[in-house]
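So the mapping is simple: the numbering used here equals the position in the sequence shown, first residue as 1, plus 120. For every residue, glycine included, the Cβ atom is placed at its ideal position computed from N, Cα and C.
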Amino acid sequence: MPLLEPDPKALRAGTGRAPAPDRVTDRSAGGTPEPLRSELIALLGADKVLWKVSDLVRYASDASPYRFLPRVVLVPEDLADVSAILSYAHDNGRAVVFRAAGTSLNGQAQGEDILVDVRRHWTGTEVLDDGARARIRPGTTVLRANATLARYGRLLGPDPASAIACTLGGVVANNASGMTAGTTRNSYRTLASLTFVLPSGTVVDTADPAADEELARAEPELCAGLLGLKAEIEADAELSARIRAKYTIKNTNGYRLDAFLDGATPVGILRGLMVGSEGTFGFIAETVFDTLPLERRVSSALLFFPSLAAAATAVPRFNEAGAIAVELMDGNTLRASVSVPGVPADWAALPRETTALLVEFRAADEAGQEAFESAAQAVVAGLDLVRPAASVTNAFTRDAATIAGYWKARKAFVTAVGGSRPSGTTLITEDFAVPPARLADACRALLELQSRHGFDAAVAGHAAHGNLHFLLAFDAAEPADVERYDAFMQEFCALVVDRFDGSLKAEHATGRNIAPFLEREWGPRATELMWRTKQVIDPAGVLAPRIVLDRDPRAHLRGLKTIPKVEAVADPCIECGFCEPTCPSQDLTTTPRQRIVLRREMMRQADGSPVETGLLDAYGYDAVDTCAGDSTCKLACPVGIDTGAMMKDFRHRGHTPREERVAALAAKNFRVVEASARFAVAAADALGERVGDRPLQALTRLARKAVRPGLVPEWLPQIPGAAARRLPPTTRAGASAVYYPACVNRIFGGPDDGPGLSLAEAVVAVSGRAGKPVWIPEDVAGTCCATIWHSKGYAEGNAVMANRIVEAAWGWTAGGTLPLVVDASSCTLGIAEEVVPHLTADNRELHEELTVVDSLVWAAEELLPELTVTERTGAAVVHPTCSMQHLGDERQLGVLAAACAEEVTVPDDAGCCAFAGDRGMLHKELTDSATAKEAAEVGSRSYDLYLSANRMCEIGMERATGHPYRSALIALERATRPLVRRAPPRH
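This is the structure we're talking about:
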């Protein structure tokens, strides 16, 4: 072990706790057993087989209340791998479950044998027919696909609330719909074709004209079986009519039996059956969707009613007026939503009876929008609305920010209500549908049923389609509480089926919790046809057993997960997975959800158990070290869980008292540290010029092995030379702002691609040119935003520097009378927000008087209006940093880029580069993984400018793309230089 390596036991809970009933048992401590492990490694290669106990645990949970430990996790790269896996499973009597985003709410993404990750290597969107269609790989999120289609004025029909995280493979496999899809815009109706792999390994492309001929040759018994079932169903007029009737409302319970009525051939039937089959019929390798027009003229209102019945009565009126969405939120849902950033705080005091409808109209043009707004106002005029809080307006708006706030509150139903549940309770999310005309009765009946069984009554849903959602929280470790849940489910299913003739699953798919009740809804005849369909397609039962079909009447009670208490910042997590697509380490080690899942399993274990030891041994690198600490997970999480903050705290716990003292000493003497760092960079650069980068890389790698990879950076060829020792001269008199060059820009120089002004010189020059000169204090050396210590978990050093910078800034700005302009977005965030918890009471008061402005905002809003652009280049690509996302100034980066270039591109795959100060030098594989997709997108064409606004992020992106990134302010200075008029030649 290297010197100074942190002790994994530092994170051991050590509480003497009793082991949980659903803990991973000691026999799984060694991970995947033999010979399964070695056989699969021989089949696929070691890099595609995840076998450690930590791997199995992190994949054992999804967004559902269930937890099943797989025997092994496989990560295939192509169809050949998938076919090999299915062939192996068939030959060895194994079961296979496919998992993409793991946002499923009913346990569909969990398996007890072979679990296959089909997200990591299965992303990509190809636009067809100028946007009319799109070919999308199954690991692509709905949000990512729609970002590409938006350039063509198109979008997908399905729009689930989890669009930020859920993938198209899962959307199709569950027929997930969402806010606006209803029964006409879902996958079943908008899927043009798909390519899938059957359990036998046969690949079928439904768009291939020869598909039926090839399938008949490869799978004659399957074809005959499907056609036989089709004939049987069509011969039964009563059954056929019942099937058609079941799909007049939203329904994802069981298999799509109407596929037998809609499909004329085996391939046509399979095309329909694959939708909503939950991975039990095959692997969806590719989808082609018919897209829909993106109507950009949007008018929305959040309307408040005195009761649920009053709100439900209004729904059909808005439907008739042409609303694309009518979403319902009851009083409990509204009150819980105050935990979501941006939701008005006064909702917390709303009366329990209050109900709100989020109503939205979308139009292609101004005339259409005005017509919809007129129709909407006519409806509103006849309603009895209330204003139970000052923030309530009951008015339609076109303001995009306001509308986004409404939808953020609505989409956070599961996480906001679930996040406010009692600590230690398991959350179950149910959805069902009734004929829309019965909506009010169904709401009342549901709330009465919840109350009678002792559950907090809360309901929300897609009211326009009669689709309601509700949550149940109970303690899965208490048998009496589990029986209470069971009693509720028995009555609930009877209520939906017998009283309302509804669907037990409207859009979440059958899953494990409704499988035992399938026959209750469909009856024995249709249910038996579903079993026979499964037998025809998957006779060996290889794919996803017990997920759609299960004859065990208590199957919904099997595998319920306990939720042990963990660190307060993460305890509200319901494991929804919304955080995962934003995480820089998602394709390298773990995601925020998985970090919490692993921590919870540690808490299920007895102290010192073999499983806990195995988890702790892996957690240091997989979770703590490879967390970029960018906290974009907090932005994606509807309740703002900051897993990055938890990892920083874990880093702190791993420090020895000596390390903390050394870090504090470095903070107290940072002027010397800064000068030494600049000298070291200059010396390394000079040495690199003479002997090349390889000796420097070899030397630092040797030091990393001897000391600790988390302490010693690795030399990278992209590291620039040192910054100038002296900052450009400025004067305080007449200054419009105080300019604070971040320490990273005082240590590292700019790109080594030619002469030009430094960032500090550019900021001073362009500010003066705009008539708003800035002043650089003479004593900035030795100060820092404290992010260096904050990100590494050095508490005392963080406090030292946080208080120093605030005291200095207060003095520089004359008590806050001048703005403090900071030239690195991460440092702006550090000074503006992250230092606050570490300040003394007196310094918090000083901080409140400061106005901290990012240089992007300063340039876009204060300088650019006063400047004349004299030279623009052709095309620019920008890299918005994670700090910009936190600060909300991504738009200003685009504004500056647009001033410098005729064409500006923000990559669809832009995300945190994970360079994170020096983390990209400590764990370069993290940045390589985090930037891979964005770099591929950037590299698909050439640009004249590569712009960002943080030096270390620019280094990271240069490493990823091979192109020199620079600050947008350097580009702005160059673009606004006055033209030099040459005197005419003398004759």
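C-alpha distance - residue i paired with residue j, whole-angstrom precision
i: R1097; j: A882; result: 11 Å
i: A75; j: G1059; result: Here the chain has residues from 121 to 1107 only, and residue 75 is not among them.
i: I256; j: D769; result: 39 Å
i: V387; j: T630; result: 24 Å
i: V759; j: S320; result: 43 Å
i: G525; j: M299; result: 15 Å
i: A429; j: A301; result: 24 Å
i: L836; j: M1072; result: 12 Å
i: V324; j: L318; result: 8 Å
i: G348; j: D356; result: 13 Å
i: L591; j: E927; result: 49 Å
i: T74; j: A690; result: An answer regarding residue 74 cannot be provided, because it is not within the stretch 121 to 1107 covered by the chain.
i: P673; j: V169; result: 35 Å
i: A952; j: F698; result: 27 Å
i: H859; j: V894; result: Contrary to the premise, residue 859 reads as Tyr rather than His in this sequence. Computed Cα separation, rounded: 6 Å.
i: S181; j: S878; result: 49 Å
i: S796; j: L785; result: 14 Å
i: G134; j: D727; result: 6 Å
Sequence-distant residues of the same chain with beta carbon closer than 8 Å to residue i, five excluded per side
i: T960; result: N923
i: A270; result: L414
i: N371; result: A553, S623, K625 and A626
i: A496; result: S419, A421, F438, A441, A443, V479, F481 and F516
i: L847; result: P861, R866, A880, I896 and V900
i: T453; result: F533, A536, V537, A578, V579 and A580
i: N294; result: S224, Q228, T372, G396, E398, E627, H628 and A629
Close beta carbons around residue i, own chain, < 7 Å, minus the five adjacent residues each side
i: A140; result: A597, T682, P684 and R724
i: D805; result: G841 and A842
i: W171; result: G151, T152, R157 and V192
i: A1021; result: R992, T993, G994, A995, A996, D1064 and L1065
i: G273; result: G251, P413 and L414
i: D974; result: V942, S945, T948, L1007 and D1009
Beta carbon of residue i nearer than 8 Å to that of residue j
i: I369; j: A553; result: yes
i: L1018; j: D1064; result: This sequence places Ala at residue 1018; Leu is not what is there. Taking 8 Å as the Cβ cut-off, A1018 and D1064 do not qualify as a contacting pair.
i: E981; j: G935; result: no
i: S945; j: T907; result: no
i: L677; j: D606; result: yes
i: L1013; j: V989; result: no
i: V195; j: R137; result: no
i: R632; j: Y186; result: yes
i: D576; j: T545; result: no
i: H589; j: D561; result: no
i: V408; j: A498; result: no
i: E700; j: A221; result: yes
i: R798; j: R845; result: yes
Beta-carbon separation (whole angstroms), residue i vs residue j, contact threshold 8 Å
i: V942; j: A885; result: Not really, about 18 Å apart at Cβ, beyond 8 Å.
i: D750; j: P704; result: 7 Å
i: V920; j: T948; result: About 20 Å; that fails the 8 Å criterion.
i: V460; j: K366; result: Wrong, their Cβ atoms sit about 35 Å apart, outside the cutoff.
i: V662; j: V216; result: 6 Å
i: G374; j: V656; result: 15 Å between Cβ atoms; not a contact.
i: I761; j: P849; result: Not a contact, Cβ separation roughly 47 Å.
6 Å Cβ shell around residue i - same chain, five flanking residues per side excluded
i: M121; result: Bear in mind that the predicted position of M121 carries a pLDDT of just 41, short of 50, making it unreliable; the figure below should be weighed with that in mind. Cβ within range, chain order: n/a, list empty.
i: H1006; result: L949
i: H958; result: N918, A919 and A922
Interface flag, residue i vs chain C, CB-CB below 8 Å
i: T752; result: Absent from the structure: chain C. Only one protein chain is present.
Is it the case that the segment 210-217 contacts the segment 528-543, given that we only count it when at least three CB pairs across the two stretches are under 8 Å? no
Given 8 Å as the limit, is there contact between the segment 1026-1042 and the segment 902-918, that is, 3 or more CB pairs closer than that? yes
Does the pairing of the segment 393-403 with the segment 419-426 give three or more beta-carbon distances under 8 Å? no
Check whether the segment 281-290 and the segment 250-268 touch, using three or more Cβ-Cβ pairs below 8 Å as the test. yes
Quick check: the segment 446-460 against the segment 475-482, are at least 3 beta-carbon pairs closer than 8 Å? yes
Determine contact between the segment 714-722 and the segment 774-792, defined as no fewer than three beta-carbon pairs at a distance below 8 Å. no
Under 8 Å: do the segment 458-465 and the segment 604-618 share three or more Cβ pairs, one atom per stretch? no
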